[in-house]
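Heads up, the thing below is written out as structure tokens.
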Amino acid sequence: MDNRTVHFSTPNRTGRVRVAAAAVVAPRTSEPLHYWLDESGLCELVVSRDFYLRYRIGEDPRMVEGVVEVRDASQFTYA
Numbered sequence: 076m077d078n079r080t081v082h083f084s085t086p087n088r089t090g091r092v093r094v095a096a097a098a099v100v101a102p103r104t105s106e107p108l109h110y111w112l113d114e115s116g117l118c119e120l121v122v123s124r125d126f127y128l129r130y131r132i133g134e135d136p137r138m139v140e141g142v143v144e145v146r147d148a149s150q151f152t153y154a
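For what it's worth, our numbering labels the leading residue of the sequence shown as 76, then goes sequentially.
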């Protein structure tokens, strides 16, 4: 899912930082996945439930504690 598709506020055109929060909801039985695209291509990461407590948006998620497995995801298309 692309978070931009579920965004309910107008653009921040002020000179101040606007605090934001995000949530991830998934069934307990599901395998948490995170996707990362860089110059080498798209990869799929199987992550622990604690991964999102440590991950900072924009950093390479492969270096974050909580990554269980990194898989090639080049078979997927993206825009």
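Yeah, the Cβ is synthetic: ideal placement off N, Cα and C, and Gly gets one too.
Query, Result
"Residue ranges of each beta strand (DSSP E) run of no fewer than 3 residues wholly in the region 81-133, ordered along the chain?", "108-113, 116-122"
"Specify whether the region 103-122 and the region 143-150 touch according to this definition: at least 3 beta carbon pairs, one from each stretch, less than 8 Å apart.", "yes"
"Provide the residue span of the beta strand (DSSP E) that contains Glu140, from first to last.", "No beta strand (DSSP E) holds Glu140; DSSP gives it neither H nor E."
"Could you give the distance in angstroms between the alpha-carbon of Val100 and the alpha-carbon of Leu128?", "14 Å"
"Rounded to whole angstroms, what's the CA-CA distance from Arg124 to Thr89? Just pull it up for me.", "35 Å"
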